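If you read the protein sequences in the order shown, they are chains Z and L.
Under our numbering, the first sequence has 274 at position 253, and the numbering climbs by one with no breaks.
Under our numbering, the second sequence has 205 at position 184, and the numbering climbs by one with no breaks.
2 protein chains.
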Amino acid sequence: MSDSIAEMVEETVGGDASTSLYQRILNDIRDRIVSGEWEPGYRIPFEHELTEQYGCSRMTVNKALSQLAKAGLIERRRRSGSFVRRPQSQAAVLEIHDIRVEVEALGLPYRYELMAQTKRRATTVDRDRLGPSPSTAGQVLALQCLHYAGVRPFCVEDRLISLAAVPEAADQEFRKSAPGPWLIGQVPWSAAEHVIRAASADGETAADLGLASGAPCLIIERRTWSAERPVTHVRFTYPANAHAVVARFTPSDG
Amino acid sequence: MSDSIAEMVEETVGGDASTSLYQRILNDIRDRIVSGEWEPGYRIPFEHELTEQYGCSRMTVNKALSQLAKAGLIERRRRSGSFVRRPQSQAAVLEIHDIRVEVEALGLPYRYELMAQTKRRATTVDRDRLGPSPSTAGQVLALQCLHYAGVRPFCVEDRLISLAAVPEAADQEFRKSAPGPWLIGQVPWSAAEHVIRAASADGETAADLGLASGAPCLIIERRTWSAERPVTHVRFTYPANAHAVVARFTPSDG
DNA sequence: ACTGCGATTATGTATATACATATCAGAAAG
DNA sequence: CTTTCTGATATGTATATACATAATCGCAGT
C-alpha cells in the first residue's frame, strides 16, 4: 500500500501540476480518514515515513499534516506520532445571506419598507439586546422594517444600532434601503453571534406579516461586535413556512 | 506606524516565547483588519517589508499571510501584493451537540425512550429523506424516540438509517440508548447538511411532547453522508420555548 | 520495587535558498 | 497608435538544515 502511494506520486509528479504536492498529500490522507480506511485512533505514518513515500522533504509533509491538525481531523503528539481523531464537535458552517438575495433567489421581486425609526438614549433593555459591552452605551437607533417577497410580507426586521459604534447612522434615513447592507459597508465587524429559535407571532408581528396571532415563526437574531464594542442587534421574524436555515459541513477542503 | 510594529517585536522577541513568531504576525495583521485600521481594499505590506519589520525570513511571513488568505481575510495577488478583503459571506460556525449533553447542561436529568423501531424496504419517501444517492437504497431502519429533560419531554427524534451504509444497525436494539451517539462511533461521516425551521406541531408530535396541537416547534433536520453514500436522516422536534440554536463567528483564530 | 535522569524520538518552528508562475509596466516593433 | 515582447516583481511551492520542545523509554542507583 505504501508502494501504491509512491507509485502514484511518481506518475503524477511530472504530469499534473495543477495541485501542489502538499495538497495531494493532504487530500490523500483526508480521503483515507473520511472513507473510514483509517479509523479514529489509527496512527498515521510518521513524517519521515511520508517523506520517503512521497519522495519529498519533511517540511512539505509537515505543511500537510499541520493543516489536517488545524482542521481537527488528526491529533499530533510529540514523540508518539499523529492519530486520527474521532469526529467530535459536529460543527457546520452556516451562511447568512442578505434578505434581498434570499428573496431574489426565490424568483420573486424584492421590496423594502421602513415602518419606524427612533433615536433614543439606550434603555436597560436596549443594552441587553446589544450584548456585553465594556463601556455603557449612549444613544441608539431603533428600526422596524418590513421585507416583501412579491406582494406578500417576507419578514419583519427589528434592529438596534449603537450610535457610539456607528455615529454615521444618526444622519441616515433608512427609507429606501435596508440598514443591514449599509452597515456591512460601514463597520468592519469582528465577531457575530446568531440565535435561531421558534416562537408564536405576537399580535403586532402577526399583523405585519399577515398571519393569525399565535402562528409559528422562525426567529433569527444576530449580535455583531466590532473590536469588542457592540454594533448592532437584529431580530428577523419569518413565517414558519417561508424560511429555513441551511448549514453544511465538509471536512477541511484545504 | 511600521516602527511601532518593529518596536513591539524587539520587545517581545526575547520575552514571550509562548506564541510563535508567525502566530504573532498573523494576530497583528488580523487585529488591524478587524479593528478597521486597514480597511477593505488596503494593500498590506509586501512579504519582504514584513520580513524587515519583524526581522525574520520570508517563509515565516508567508506562513502567516497564507493562513490569513485561507481564512478569507485577505486576498493575495501575484506581482500586486496582498489586499484586505471585505467581509462577504457572513459565515458562522454552528455546533451541534448531543442531546444528552444539551439536557445535562441545563442541569436536568436526562432520560431516553424508544417509541417505535421498524425495519422495512426503503420507500420513495424514505429515499427522499436520505437524500441524493448514487445507488438505490435497500433496507432502512426507522426509529421514533423521545428525549426527556427531567419529567418533561424535551424533544422528539424521528430517524431513518440506511442499512446499506450501516448494516450493523440491523442487529441493534435502541431501547436503552439513543441511535445518534452509537452511529457516531460506528460510521465515519464525511459530509452533513442541516436544515433548521419552524412549524406547528402535528397531532402526534404534539401529543408526544405534551403540547397543544398546532403549538410552534423548532425543527432541526440532519442528513449525513459517508463517502458519498447517505447514512442517516434525523428530524428533531423541540417545543418552541425549549430550545434555540446558537452559532458564532470569529475571524480566523489561527 | 522505586525513583530519578539522560538518551531518544517525533513534532514545532525558523532559516536561507531556489526555482516556478502569474502579472504588470514599459520598451520595442509593427 | 496599437500590438507584442521582455524584464521586473510578488507570490507559490519545495528543499536542506538547524535547533527547540515535549514525551517516552530504559538504565542506573538507591
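Think of the CB as a built atom: it goes at the ideal place given N, C-alpha and C, for glycine as much as any other residue.
Bear in mind the structure is a predicted one, so any value in this text is a computation, not a measurement.
In chain order, what residues of the same chain lie with their CB nearer than 7 Å to the CB of residue i, ignoring the 5 residues before and after it?
i, result
"S39/Z", "none"
"P237/Z", "A219, S221 and A261"
"D119/Z", "G201 and P202"
"P130/L", "G171"
"K140/L", "Q160, L162 and A191"
"T18/L", "Given that chain L is displayed from residue 22 to residue 275, the structure contains no residue 18/L and the question cannot be resolved."
"R18/Z", "There is simply no residue 18/Z to check, as chain Z begins at 22 and stops at 275 in what is shown."
"R256/L", "D179, I240 and E242"
"A212/L", "W246"
"R53/L", "W59"
Go ahead and pull the three-state DSSP assignment for residue i.
i, result
"A186/L", "coil"
"V172/Z", "coil"
"D223/Z", "coil"
"L162/L", "strand"
"Q138/L", "strand"
"A233/L", "coil"
"P155/Z", "coil"
"V146/Z", "helix"
"E68/Z", "helix"
"Y75/Z", "helix"
"E242/L", "strand"
"A268/L", "strand"
"R196/Z", "coil"
"A191/L", "helix"
"L181/Z", "strand"
"V55/Z", "helix"
"V216/L", "strand"
"Y63/L", "coil"
"V124/L", "helix"
"P130/Z", "coil"
"P251/Z", "strand"
"P202/Z", "helix"
"A38/Z", "Here the model assigns A38/Z a pLDDT of 47, short of 50, so the residue's position is not dependable, and the following value carries that caveat. In the structure shown, A38/Z sits in coil (DSSP, three-state: anything other than H, G, I, E or B)."
Within a Cβ cutoff of 8 Å, which residues of the same chain sit near residue i, ignoring the five residues on either side of it in sequence?
i, result
"S156/L", "A185 and R250"
"R269/Z", "A113 and V114"
"G224/L", "S234"
"Y63/L", "F104 and V105"
"R173/L", "G231"
Buried or exposed: which applies to residue i, given that a residue is buried once 16 or more other Cβ atoms fall within 10 Å of its Cβ?
i, result
"H69/Z", "exposed"
"A143/Z", "buried"
"Y330/Z", "Nothing in the structure corresponds to residue 330/Z, since chain Z is present only between 22 and 275."
"V105/L", "buried"
"L94/Z", "buried"
"L127/Z", "exposed"
"P188/L", "exposed"
"A137/L", "exposed"
"R99/L", "exposed"
"S183/Z", "buried"
"E58/Z", "exposed"
"E31/Z", "Its pLDDT being 41, under 50, E31/Z is placed unreliably in this model, and the coordinates cannot settle the point."
"V146/Z", "exposed"
"V267/L", "exposed"
Suppose the cutoff is 6 Å on Cβ atoms and the five residues either side in sequence are ignored; what does the same chain contact list for residue i look like?
i, result
"E123/L", "none"
"K9/Z", "A query on residue 9/Z cannot be resolved here, the shown segment of chain Z reaching from 22 to 275 and no further."
"E96/Z", "F104 and R106"
"M29/Z", "The predicted position of M29/Z is uncertain, since its pLDDT is 42 and thus under 50; no value can be drawn from it."
"H254/Z", "R150, L151, L181 and R244"
"E214/L", "R244"
"G102/Z", "R64 and F67"
field: Three CB pairs or more closer than 8 Å across the region 236-248 of chain L and the region 203-212 of chain L
entry: Note that the region 236-248 of chain L touches the region 203-212 of chain L; at least 3 beta-carbon pairs, one per stretch, sit closer than 8 Å.
message: Quick check: the region 222-232 of chain Z against the region 189-199 of chain Z, are at least 3 beta-carbon pairs closer than 8 Å?
response: The region 189-199 of chain Z, when compared against the region 222-232 of chain Z, does not touch it at the 8 Å Cβ threshold.
query: What runs of the alpha helix (DSSP H), each 4 residues or longer, lie entirely inside the region 78-121 of chain L?
result: Fully enclosed alpha helix (DSSP H) runs of 4 or longer: 79-91.
- prompt: Is the region 38-57 of chain Z touching the region 74-94 of chain Z, taking contact as three or more C-beta pairs under 8 Å?
  reply: Cβ pair count under 8 Å is three or more, so yes.
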